[in-house]
Structure formats: C-alpha cells, structure tokens
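Since the structure comes first, as structure tokens, the remarks are kept for the end.
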Amino acid sequence: MICVVAEDSLNQSMDKVAERYSSLFKLPSQGNVLLLLALSCLGGGILSTVTLFPSFEGLITGLHLGLSLFIVNLIFDCVVSILILGKDQIYDLRRTTALSFCCWVLWLLFIFVGVAITMLVRLLFFGYSAVLILRLIVFNSTSSISSKRLLMASLLQPFPCIIPFMIFLAEIDYLLIFLFFIFSSSVSILSSFLFIFLLNRVGEQTLGISSLSLFKAFLLDWIVGQNAPFEEFLEQLGEEQDVEVSLIKFDTSKPKAVIIIPSVHPGPFKNVGSSLLPSMLKAALEKELNCVACIPHGLLGHELDLASQMQNQKLIKHVIESSNFEASEEKATPFIKVDNGLATACCQVFGRFGFLSLTLAPRTTEDLPQEIGLFVYEEAEKNGLTHCAVINAHNSINGTITMEEALNALKAAAASCLDQTSSLRLSPFEVGAATFKPRGLSLEDGMGPGGITVVVVKVCEQKTAYVVIDGNNMVSGLRERILSTLKSLGINEGEVFTTDTHSVNAVILSERGYRPIGEAIEHEKIIGYIKKVTLDALSNLEPAKAAERSIVVPNVKVIGAKKLEMLCLLTDRVLQKAKKTVIPIFSAAGLFLMLFFMFV
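And the structure:
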C-alpha cells in the first residue's frame, strides 16, 4: 500500500512539473514579436509626450519618440543577440526581442502611473530600474554567459532608450540622468543578485545543487536538445542499483524474434536519461541478432529512470552480451485472457516460463507498482513456472484512476490467468515477426523511433498477435479497435502494448507535454500500419523454439524515487521562495531610489 501511495505522489509531482514548464516557451513568431514591440514603444512615446504637450504637435512628437524607441530597441537587440549573446544557445533574436517587449510592457506600467500622478519623469526613471532588474534576473536565470556579458546584455536595452526621452523631453536634467544611472544601476545589480542568491540557496539546501544552474541545464535540453549538462546533474544525484532484464528469445534455424523487458523506466523526458532506451535497445539487438526485437514496458515508474546516456550504453552492452543463447523450449500453451470487469490479464506459457501482461483498458493504464510484479512471481512459482516476465500493457489513457482501487483487480486477474494457463496442454508452436517505422510520423505525433512491431505466435489453430508500438500510451478505445481489426486478418487473440518511451515527451507545448498514440495520428492510419505489419508477420510464420533469460546489470545509476521527487518539488519550493522574497527585496530597492530623488 505504501508503494502505491508513493507512486501516486511521484506521478503527481511529475505532472505538476510538466504543467509548470509546458507554458515556458510559448513565444509568438518573430514578426508578431516585432509588431508587439513596435506597439508598446509607440504607446510609451505617445503617452509620454501627449501628457506634457496635450496637442496635435504633442501627438506627432509622441509618434516620433515611439518610432525612435522602436529603432533603438531593434538596433540594440541585434547587438545583444549577435555580439553579446552570440554563443548562447538559448537566446536567438526572437527571444531577445521578446524579452525587450516584456520589458517595455513593464516600463509602460510605470509611465502610465507617472502620467496618472503627474510625476512622469521620475516614474520613467523608476521604470528604467525595474526593467534593468528584470533583465538581470532573466539573463542570470537562463543564460550561461559570463558576468561581464550578462551585465552588458542587461544594460544595452534600457539605457539607450533613455536617449530618445532626453531628446524629446527637454525638461530632463542631464546631470540627474548620469547620477541616477550610476545609483540605480548599482541598486538594481545588488538587489537582483541578492534575489538570485536566495533562489540558488533553495537548491543547494535541497539537493546540493544551485537551483538556477539546474534550471539552465534543463533549458538547454528543453529548447536546443542538448542533454549532457542536465544529465551531469542527474549523475550527481543518482544512486546505483542492480537492474534486472528479462529476455525472451524465439529461434528457428536462426534468431527469429526477441522480446526484452528491462526493469528500467524509459524517462524522464525527451532525450534525457533512458527516454530513448526502448528504440536504442531495439536497434542494437536487431543489428546484433539480425532478427526482430521489441521492448514492451515493465512494472515500474520514474524512480527507475536512468541518469544518462552512459548508463544506457552500459545496460545495452550487458544485454547484447547476454543475448546469444539458444532457445530450447519446443512447446507452448494457447494464449489465455482473463477480464474481471476492471483489469485484464493475458498469459502464454512457453515450456516452463510465462509471459503475462496487465491492463486496465479502456480505463487509464499508466505506470503500475512493482509489488504487482512480486505478486505475479509468487503466483507463477505456485503454478510450477520457473519464471514469468510481466508486462504493463500501458495502452489506455482516459483521465485518472486510483491505483488502490485497481490493485486488487489486477492481482486477481493475474492469479486467475496464471492458474488457467498452467493447466493447459503444451503444443508445438510457430512464430512470425515483423517491424515497421511509418514514414511521416514523428515524435511530435507521439510515435517513437522504434515504430511498430508485431510478433505472432501460432499454437494449434490459435494465432495470437503481440503488437508493440513505440509510444507513450494510447488514447482510450484505440486498443479495442486494433484488436477487433486483427480478428479480420485471422488473428484469434492478442494484446497491444506501448513502450512508454518518453522521447515523445517535452517536444510539444501542451498541458500534457506529449501526444499518446492516436491523439494526433488518425486511427485508420495507425490501424492500417498495424495490419500491414501483422500480415508481414503472418507471412513468415515457421516452427520455433523459445527460451528465457533473466540477467542482472550491476551498478546502474538511476535517479531514484526520493531524489526525483525532490527534484520535482524543487520547482515549487523555488517559486515559494521567490514569492516570499520578491516584495521585501525590490520594495527596499524602490525605497532607495525614492530617497535618491528626495535628496538629489
């Protein structure tokens, strides 16, 4: 029970992180950003001059001022983007211009207040300080440039924008501008760096890593796909574990197909950690054995995400070294399916080992707790099996489900299925296999690099299709449509699995952060591809033997449940710290600036 609660808590934390970051980079196009910047500059210029010179000439002057501000902004955005941030992988011209637009929105608020209380010039200067603070915080939080370049990038938008105001608003005192620039810049730098220091302390106290260093590494992967910096942190945070991998191999006169179930979760997202492991392992095995390979999902969650590509290669190397064994089991039972109304278990026994899958479809079937696997192993032993590979079909997403409610149903279905299967007579069997990567379907559509794989097992007159799709779950109801279509091809039984690859996560901007199979891809199209692969598998059916091996890969670094949850919760803790400190720090900065105007 504790395991289930912990799993739900971890999944909720992961969902919250996805929700936080899914809205980070929804920027308009370059053209729209320039339009918004132009409108804000024109608004600031007109508002400033019409207040001081309420006439038609004041309006024309305001338009000229606004146009000047826009040109100055554009020139210095190009300077900042090309000369100062040129080597920064996050900031292109669009993002630099978008930041300038946000700064102008903030500055306009100060100008508006200045107009309302007839203190335009002073509030104009206050706005300069606020914009400088904002730019310092943003660049400090997101860019890896040196402190010198960071300071230049922060100053080279607000300071040049003072020049058009100096030209058009004659009442501005040049000496006052110089003194204010020195004083306000100092206050802005000190207050922003204090704010950043306090945010970094949250990460150092929680994980021993500064919050914003971790955030910068995250951005590098999220925006430009550079995973190494973030994985360096995961390696520091990770813990070593021995990882079990189950291998099921079908041979004819040569290797025919291999099914691998690693006790590793294919996450956390995009190209980080073990997100691409299913397709990487599939490609490596197909190259080594010259046969069809597939990697369905095991019973585990994000706590067993691998820390880096180095750990992926370590696991793949061990699996390949252990894959060259001969199959010897010549007989298998028919495929059995047990549905108790909530959970469905499917099982087939080859010799003395079993292959069992679990699903809650058409209800949501996400990560299942490892305690179910332990229960199945015990039940398998009771039924005289030497081993039983357990699969989470991971094949339906439709809202949420309480795992506690489903746990008993899953166990009952598994026990009944094993009991029924173990009493069946074993017969010679045939195996056919095929794989296909659909063209035109991408990670954005929810289709991973592993494509679609079908393994068909024929026992007596029963033909069973195991369909494995390299995706992160599928829309509710699609599984049932696929199985119904397979019957028209002469397939008597079957099950549909997804690999749960997280290579499709964080590649689109949406609330969920990814598209399950069938959300973006037309159902008829995906069913058509599966029919093609199934027919290919049926066409190469031939007598086969089976074998199973369980190997342990030692000292593999995984992120771990505790560290992963702390990593997820760090976002909320940093935001809470920011909320607590932002008003005191910047109110104090504002007070110092007010004192400047009182005594200078």
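The numbers in our numbering rise by one with no breaks, and the one at position 426 of the sequence shown is 891. Heads up, the beta-carbon is just placed ideally off N, CA and C, and yes, glycines get one too. From a predicted model like this one, the values you see are computed outputs, not experimental measurements.
To which residues of the same chain is residue i closer than 8 Å at the C-beta, ignoring the five residues directly before and after it?
| i | result |
| --- | --- |
| Ala1053 | Ser656 |
| Leu889 | Thr798, Pro799, Ile801 and Val814 |
| Phe604 | Ile610, Leu615, Ala618 and Ser619 |
| Leu621 | Phe541, Val544, Val545 and Ile549 |
| Leu512 | Gly527, Leu573, Ile576, Phe577 and Val580 |
| Ser565 | Leu502, Asn538, Asp542 and Gln622 |
| Val690 | Inspection of the sequence shows that residue 690 is occupied by Gly rather than by Val. Closer than 8 Å at Cβ, skipping near neighbours: Lys735 and Asn736. |
| Ala563 | Leu492, Pro493 and Val498 |
| Ile785 | Ala749, Leu750 and Glu753 |
Please return the same chain residues whose Cβ sits closer than 7 Å to the Cβ of residue i, not counting the five positions on each side in sequence.
| i | result |
| --- | --- |
| Ile1050 | Ser656, Leu659 and Phe660 |
| Arg1073 | Shown here, the chain extends from 466 to 1065; a query on residue 1073 therefore has no answer. |
| Ile781 | Met745, Leu746 and Ala749 |
| Leu1058 | Phe591, Ser594, Ser649 and Val652 |
| Lys876 | Ile837 and Phe840 |
| Val469 | Only weak support is given to the placement of Val469: the predicted model assigns it a pLDDT of 41, under 50, and the question is left unresolved by the model. |
| Gly816 | Glu794, Lys796 and Ala1011 |
Using DSSP's beta-bridge definition, name the partner residues of residue i.
| i | result |
| --- | --- |
| Ile934 | Ile917 and Thr963 |
| Phe660 | Paired residues: none, contrary to the question. |
| Asp804 | Thr809 |
| Val1017 | Glu709 |
| Ile647 | DSSP, once it has assigned bridges, lists no residue as partnering Ile647. |
| Val940 | Ile862 |
| Thr830 | Ser861 |
| Ala1011 | Phe715 and Glu794 |
| His762 | Asn857 |
| Val515 | None; Val515 has no bridge partner. |
| Ile982 | Met939 |
| Val922 | Val896 and Thr929 |
| His767 | Answer is none; His767 lacks a bridge partner. |
| Glu958 | Thr929 |
| Val814 | Gly819 |
What are the start and end residues of the alpha helix (DSSP H) that includes residue i?
| i | result |
| --- | --- |
| Gly1025 | Counting along the chain, Gly1025 falls outside any alpha helix (DSSP H), and DSSP gives it neither H nor E. |
| Gln835 | Gln835 to Lys847 |
| Cys543 | Phe521 to Val544 |
| Leu620 | Ser612 to Leu620 |
| Glu909 | Here Glu909 belongs to no alpha helix (DSSP H), and DSSP marks it neither H nor E. |
| Lys721 | Looking at the DSSP string, Lys721 is not in any alpha helix (DSSP H); the run it does join, the beta strand (DSSP E), is Pro720 to Pro727. |
| Gly897 | Not the alpha helix (DSSP H): Gly897 falls in the beta strand (DSSP E), residues Ser892 to Phe901. |
| Phe577 | Leu558 to Ala581 |
| Ser676 | Ser676 to Val689 |
| Gly993 | His988 to Ser1004 |
| Val597 | One detail in the question is off: residue 597 reads as Leu in this sequence, not Val. Note, Leu597: alpha helix (DSSP H), Leu585 to Thr607. |
| Glu869 | Met868 to Ser887 |
| Lys782 | Gln774 to Glu786 |
| Lys752 | Leu742 to Leu754 |
Below 8 Å on the Cβ atoms is my contact criterion, and I expect residue i with residue j to pass it. Report the Cβ-Cβ distance as a whole number of Å.
| i | j | result |
| --- | --- | --- |
| Cys812 | Leu883 | 6 Å |
| Leu741 | Val723 | About 19 Å separates the two Cβ atoms, so there is no contact after all. |
| Val1017 | Gln706 | Between Gln706 and Val1017 the Cβ distance is about 10 Å, and since that is not below 8 Å, they are no contact. |
| Val737 | Asp686 | 6 Å |
| Thr516 | Ile555 | In fact, because the Cβ distance is near 38 Å, the residues do not count as touching under 8 Å. |
| Thr963 | Asn860 | 6 Å |
| Val932 | Val919 | 5 Å |
Give the range of the beta strand (DSSP E) segment to which residue i is assigned.
| i | result |
| --- | --- |
| Lys714 | Glu704 to Asp716 |
| Asn857 | His852 to Asn857 |
| Pro799 | Run containing Pro799: none; DSSP gives neither H nor E here. |
| Ala758 | Val757 to Cys759 |
| Ser822 | Phe818 to Thr824 |
Suppose the cutoff is 6 Å on Cβ atoms and the five residues either side in sequence are ignored; what does the same chain contact list for residue i look like?
| i | result |
| --- | --- |
| Glu751 | Ala758 |
| Asn844 | Looking at the sequence provided, one finds Glu at residue 844 rather than Asn. For Glu844, where only same-chain residues beyond five positions count, the Cβ hits under 6 Å are Ala880 and Leu883. |
| Ala471 | A caution first: Ala471 carries a pLDDT of 43, below 50, which makes its placement in the model too unreliable to give a value. |
| Leu1060 | none |
| Ile467 | Low local confidence applies: a pLDDT of 35 at Ile467 is under 50, so the model's placement there is unreliable, with the coordinate-based value given in what follows. Taken in chain order, the list of residues that qualify is empty. |
| Gln776 | Val1021 and Lys1022 |
Does the ligand GTP have even one heavy atom less than 6 Å from the beta-carbon of residue i?
| i | result |
| --- | --- |
| Ala880 | As for the ligand GTP, it is missing from this structure, which has no ligand bound. |
Worksheet item: Are the stretch 703-721 and the stretch 942-949 in contact at 8 Å, needing three or more beta carbon pairs?
Response: no
Worksheet entry | Three CB pairs or more closer than 8 Å across the stretch 1007-1020 and the stretch 901-913 | no
Worksheet item: Does the pairing of the stretch 895-907 with the stretch 988-1007 give three or more beta-carbon distances under 8 Å?
Response: yes
Discussion item. With a threshold of 8 Å, are at least 3 pairs of Cβ atoms found where one atom belongs to the stretch 828-844 and the other to the stretch 861-871?
Written reply: yes
Item to complete: Could you say if the stretch 790-797 and the stretch 950-958 meet the contact criterion of at least three C-beta pairs nearer than 8 Å?
Response: no
Discussion item. Pairs of beta-carbons, one from the stretch 830-848 and one from the stretch 912-929, closer than 8 Å: are there three or more?
Written reply: no
Discussion item. Under 8 Å: do the stretch 971-980 and the stretch 759-771 share three or more Cβ pairs, one atom per stretch?
Written reply: no
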